[in-house]
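Colleague: Quick one: the structure is below, questions incoming.
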Amino acid sequence: MRSDYDVLIAGGGLAGNCLALALKDSGLNIAIVEAQTLKQLQESPAGDRALALASGTVELLEDLGIWHGIREMATPIVNIHVSDQGHFGKTRLAAQKENVAALGYVIRARDIETHVAKLVDEAGITLICPARVAGLMSTEFDIGVSVKAGNESHALTALLLVGADGGNSSVRKLLDIDQDITEYGQTALVATISCSLPHQNIAFERFTSSGPLALLPMEGQTCALVWTRKHEEAEYLKDCSEPEFIERLHDCFGYRLGELSLSAPRRAFPLSLIRAEAMVSGRAVIIGNAVHQLHPVAGQGFNLGLRDVVQLADTLLHQIEINGDIGDPDVLKQYADTRQQDLSKVIGFTHTLVSVFSNQWAPLALVRNLGLALLDIAPSGKSLLTRHAMGLASQLPRLGKNR
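Each residue of the sequence shown is one higher than the one before, counting from 38 in the numbering used here.
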């Protein structure tokens, strides 16, 4: 019994395309179903957002043959400065102390998305677009997938369906996988900021009573701003005049980078912690934002999603080596179990940061600032925090190298 495809990937964004690239030389027949055209994706406001690529993520992008083509578009982070607004505590992390060239890199989402899409096209991977998954049903031997393109529906079969279709995942909904949602009561304001002083490749993370403020180094004398505020404040700051916005930004951040000004429109994104209650159902698995959406503090979202991709690709390649079934539900459950430890660790880390640093109870503020101050003079503790920031605190999934 032959299926139309071995692997059908719902979602032609970063997660779906990176998975296709990881499997391009496997001999598997792969197709990607994407709802938006390349032009729509390139014009999406989401392409303006900055992605912080941890050092470990860069290693994975090198394995996938992606990094070489985007390296010149990425800005290295050589130092990280962490502070607590209105308090004495601060700590500084340095690439030099870890004997590495950079702790991570910052790149515009559109730049990496465009390059990865180009590599997928050059690899000759089938793209069904614009289209979306409208129905599915797993059997013992394959999974039937109804794909809707315009007014037409097509019935396809695959050995495995991968839902890489983002936070509003159609695949997750069709699989009846529920989500655990924690509302933070916060919105992230995202913009590009020009600075009158050089950023010197320093990433700033400043915790405030309303949420963290991050300024990440980008090309020239610009920084990517991710400023978390309570919903009402964020809505006001998104729409107020530029002079007032900059004044409020200076009040929060200071003048460490000189005079600041806007060089790209302000955008706002409500924040929640969202975690799917399962990753696997039958011959379908969900990855990336379809499984988890994190608070942007510490910039872990894309890094975590890429580890989903590489771990799944490694699992499928191993099945090919042993002539196994790539859609075997038991194998997929083993993959999900493997990912849970990393997922729980990262979610716990980011959620704790938000909870602890948004709380202005005086005794807690004192304790956390003492902690930051002590961390700044404790080499072992600082090194551990740096490895977390670099995405190297635990073993990275690697294609064929962890078995």
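Using N, Cα and C, we set each Cβ at its ideal position, and we do this for glycine too. Being a predicted model, the structure only gives us computed values, none of them experimental.
Near leucine 297, what residues of its chain come up, given a Cβ to Cβ distance below 8 Å and the 5 sequence neighbours on each side ignored?
Modeller: For leucine 297, same chain residues with a beta-carbon under 8 Å away, outside a window of 5 residues either side, are Ile230, Ser231, Cys232, Ser233, Ile283, Leu286, His287 and Phe290 in chain order.
Colleague: Is cysteine 260 helix, strand or coil when you go by DSSP?
Modeller: Cysteine 260 falls in the strand class under three-state DSSP.
Colleague: With distances taken between CB atoms, is the gap from aspartate 8 to isoleucine 67 smaller than 9 Å?
Modeller: Nothing can be reported for residue 8, as the shown portion of the chain is limited to 38 through 440.
Colleague: Skipping 5 residues on each side, what residues in its chain have a beta carbon closer than 7 Å to that of alanine 57?
Modeller: The residues are Ile46, Ile67, Ile69, Val157 and Ile162.
Colleague: Among the residues of its own chain, which have a CB less than 6 Å from the CB of isoleucine 31, if the five just before and after it don't count?
Modeller: No information on residue 31 is available, as it lies outside the stretch 38 to 440 that the chain covers here.
Colleague: Kindly list the residues whose CB is nearer than 7 Å to the CB of tyrosine 142, restricted to its own chain and excluding five residues on each side of it in sequence; keep chain order.
Modeller: Leu90, Val95, Ala111, Thr112, Pro113 and Ile114
Colleague: Excluding the 5 residues flanking alanine 131 on each side, which residues of the same chain have their C-beta closer than 6 Å to its C-beta?
Modeller: The answer, listed in chain order, is Asn116.
Colleague: Buried or exposed for leucine 433, going by 16 or more other Cβ atoms inside 10 Å?
Modeller: Taking all protein chains in view, the Cβ of leucine 433 is crowded by 16 or more other Cβ atoms within 10 Å, so the residue is classified as buried.
Colleague: Can you tell me where the alpha helix (DSSP H) holding valine 328 begins and where it ends?
Modeller: It is not in any alpha helix (DSSP H) - valine 328 carries neither H nor E in the DSSP assignment.
Colleague: Please list the terminal residues of the continuous beta strand (DSSP E) segment that includes phenylalanine 306.
Modeller: 304-313 is the span of the beta strand (DSSP E), which, as asked, contains phenylalanine 306.
Colleague: For arginine 320, tell me which candidate among Lys267, Gln371, Gln133 and Leu164 has the shortest Cα-Cα distance.
Modeller: The residue with the shortest Cα to Cα distance from arginine 320 is Gln371.
Colleague: Taking the alpha carbon of glycine 203 as the point to measure from, which residue in Ser246, Trp104 and Asn326 has its own alpha carbon closest?
Modeller: The shortest Cα separation from glycine 203 among Ser246, Trp104 and Asn326 belongs to Asn326.
Colleague: Which class does proline 113 belong to by DSSP, given the choice of helix, strand or coil?
Modeller: Of the three classes helix, strand and coil, the one that applies to proline 113 here is strand, per DSSP.
Colleague: Leaving out five residues on either side along the sequence, give the residues of the same chain with a beta carbon under 6 Å from the beta carbon of valine 328.
Modeller: For valine 328, where only same-chain residues beyond five positions count, the Cβ hits under 6 Å are Ala313 and Met316.
Colleague: Output the distance between the C-alpha atoms of alanine 171 and isoleucine 214, rounded to the nearest integer angstrom.
Modeller: 16 Å
Colleague: Can you give me the C-alpha to C-alpha distance between glutamine 258 and serine 206, rounded to a whole angstrom?
Modeller: Glutamine 258 and serine 206: Cα-Cα distance of roughly 37 Å.
Colleague: So aspartate 41 packs on leucine 193, CB below 8 Å; how close in whole Å?
Modeller: 5 Å
Colleague: So valine 137 and isoleucine 103 are supposed to be a Cβ contact under 8 Å. How far apart are they, rounded?
Modeller: At roughly 20 Å, the Cβ-Cβ gap does not stay under 8 Å, so valine 137 and isoleucine 103 are not in contact.
Colleague: Which residues does DSSP list as the beta-bridge partners of aspartate 121?
Modeller: Aspartate 121 is bridged to Phe244.
Colleague: Per the DSSP calculation, cysteine 232 is bridged to which residue(s)?
Modeller: Leu297
Colleague: According to DSSP, is isoleucine 144 helix, strand or coil?
Modeller: strand
Colleague: Rounded to a whole number of angstroms, what is the C-alpha to C-alpha distance between alanine 52 and arginine 243?
Modeller: 29 Å
Colleague: If you follow the beta strand (DSSP E) that valine 184 is part of, which residue opens it and which one closes it?
Modeller: 180-186
Colleague: Specify, as a first and last residue, the run of the beta strand (DSSP E) that isoleucine 165 falls within.
Modeller: 163-165
Colleague: Anyone know if the C-beta pair for leucine 343 and leucine 331 falls short of 9 Å?
Modeller: Not a contact, by the Cβ cut-off of 9 Å.
Colleague: Locate the beta strand (DSSP E) running through alanine 47, then write down its first and last residues.
Modeller: It spans 42-47 - the beta strand (DSSP E) in which alanine 47 sits, taken as one unbroken run.
Colleague: Is it a yes or a no for the segment 346-354 touching the segment 247-266, going by three-plus beta-carbon pairs under 8 Å?
Modeller: no
Colleague: Shortest alpha-carbon distance to valine 383 belongs to which of Met255, Gln337 and Asp362?
Modeller: Gln337
Colleague: Can you give me the C-alpha to C-alpha distance between isoleucine 414 and leucine 78, rounded to a whole angstrom?
Modeller: Note that isoleucine 414 scores a pLDDT of 45, beneath 50, so its modelled location is shaky and nothing firm can be said.
Colleague: Label glutamate 159 either buried or exposed according to how many other C-beta atoms from any shown protein chain fall within 10 Å of its C-beta, with 16 as the threshold for buried.
Modeller: exposed
Colleague: Give the range of the beta strand (DSSP E) segment to which serine 207 is assigned.
Modeller: First-last for serine 207: 207-211, but that is the alpha helix (DSSP H), not the beta strand (DSSP E).
Colleague: Secondary structure at tyrosine 372, three-state DSSP: helix, strand or coil?
Modeller: helix
Colleague: Beta-carbon within less than 6 Å of glycine 49's beta-carbon, same chain only, minus the 5 sequence neighbours each way: which residues are those?
Modeller: Ile69 and Glu71
Colleague: Does DSSP put threonine 128 in a helix, in a strand, or in coil?
Modeller: Assigned with DSSP and collapsed to three states, threonine 128 falls in strand.
Colleague: Taking only the alpha-carbon atoms, compute the straight-line gap between arginine 303 and valine 119 and give it to the nearest angstrom.
Modeller: Between the alpha carbons of arginine 303 and valine 119 lies a distance of about 24 Å.
Colleague: Span of the alpha helix (DSSP H) holding threonine 194?
Modeller: Run containing threonine 194: none in the alpha helix (DSSP H); it sits in the beta strand (DSSP E), 189-200.
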